[in-house]
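Under the numbering used here, the first residue of the sequence shown is numbered 15, with each subsequent residue one higher. We put the CB at the ideal spot given by N, CA and C, even for glycine. The structure appears right after this line, and notes come after that.
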Amino acid sequence: MILLLWITVSSRGKNVGKGVLAVGEKIIRTEEEWKEILTPEQFRVARKGGTELAFSGQYYNHKEEGTYNCVCCGNPLFSSEAKYDSGSGWPSFYEPISSENVLTREDRSFGMKRVEVLCSVCDAHLGHVFPDGPPPTGLRYCINSVALNFEKVEQEDK
């Protein structure tokens, strides 16, 4: 337990193993600190709950093998193995790398009832999850590209 806590604190939300993030402390920053770290569009989407335009993000049609991490803290969120083309214009995944790496909560904004997806380490807004995805989960995690950073799989990792 002490080792897990030390890894969590020392990693500051970074991947500490093959797609597994040490669970524990949250990364908390002020709005000003986030503004210094993120681009204006990343801040608008990830910290203020915005949405990028459909078909505009760099990862909606991205095909490389690797891991999609939180743009704010580096938490590994989704694998390219779970990515598919939903036709929505946003990167879509049928499951996260680990259920511990994402949080969900009810979102009733804009007169709709949806389920928001957040980073479990820094509470960044990632997108929404819908019950219309493919097997094996039947879920569609519809995620904003601007809330993600991609980490390509290196040959030795395969």
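Kindly list the residues whose CB is nearer than 7 Å to the CB of residue i, restricted to its own chain and excluding five residues on each side of it in sequence; keep chain order.
{"i": "N158", "result": "V59, T65, E66, G71, W104, L140, G141"}
{"i": "Y98", "result": "S106, Y108, P148"}
{"i": "G63", "result": "H139"}
{"i": "W20", "result": "Its pLDDT being 29, under 50, W20 is placed unreliably by the model, and the measurement read from it follows with that caveat. Within the same chain, W20 has no close Cβ partners at all."}
In its own chain, which residues sit with a C-beta less than 8 Å from the C-beta of residue i, not counting the 5 before and 5 after it?
{"i": "F164", "result": "Y73, H76, E78, G80, T81, Y82, N83"}
{"i": "V129", "result": "T118, R119, E120, D121, H142, V143, F144"}
{"i": "K127", "result": "E120, D121"}
Have a look at the options and flag the residue whose alpha-carbon is nearest the alpha-carbon of residue i.
{"i": "G55", "options": "K166, V167, E168, V160", "result": "This sequence places Glu at residue 55; Gly is not what is there. Selected option, being the one with the closest Cα: V160."}
{"i": "P150", "options": "V116, C136, E95", "result": "E95"}
{"i": "R43", "options": "G152, D137, C156", "result": "D137"}
{"i": "C156", "options": "E45, E50, E46, F69", "result": "F69"}
Please classify residue i as buried or exposed, where buried requires at least 16 neighbouring CB atoms within 10 angstroms.
{"i": "I111", "result": "buried"}
{"i": "G88", "result": "buried"}
{"i": "L162", "result": "buried"}
{"i": "F92", "result": "buried"}
{"i": "F57", "result": "buried"}
CB residue i to CB residue j, shorter than 8 Å?
{"i": "V167", "j": "I41", "result": "no"}
{"i": "C86", "j": "L52", "result": "yes"}
Within a Cβ cutoff of 6 Å, which residues of the same chain sit near residue i, ignoring the five residues on either side of it in sequence?
{"i": "R154", "result": "S100, S106, F144, D146, G147"}
{"i": "R61", "result": "W48"}
Using only the heavy atoms of the ligand GDP, determine whether one of them is closer than 7 Å to the beta carbon of residue i.
{"i": "H139", "result": "With respect to small molecules bound, the structure shown includes none, and the ligand GDP cannot be examined in it."}
message = Count Cβ pairs between the region 100 to 108 and the region 136 to 156 that sit closer than 8 Å; are there 3 or more?
response = Judged by pairs of C-beta atoms under 8 Å, the region 100 to 108 touches the region 136 to 156, as three or more such pairs exist.
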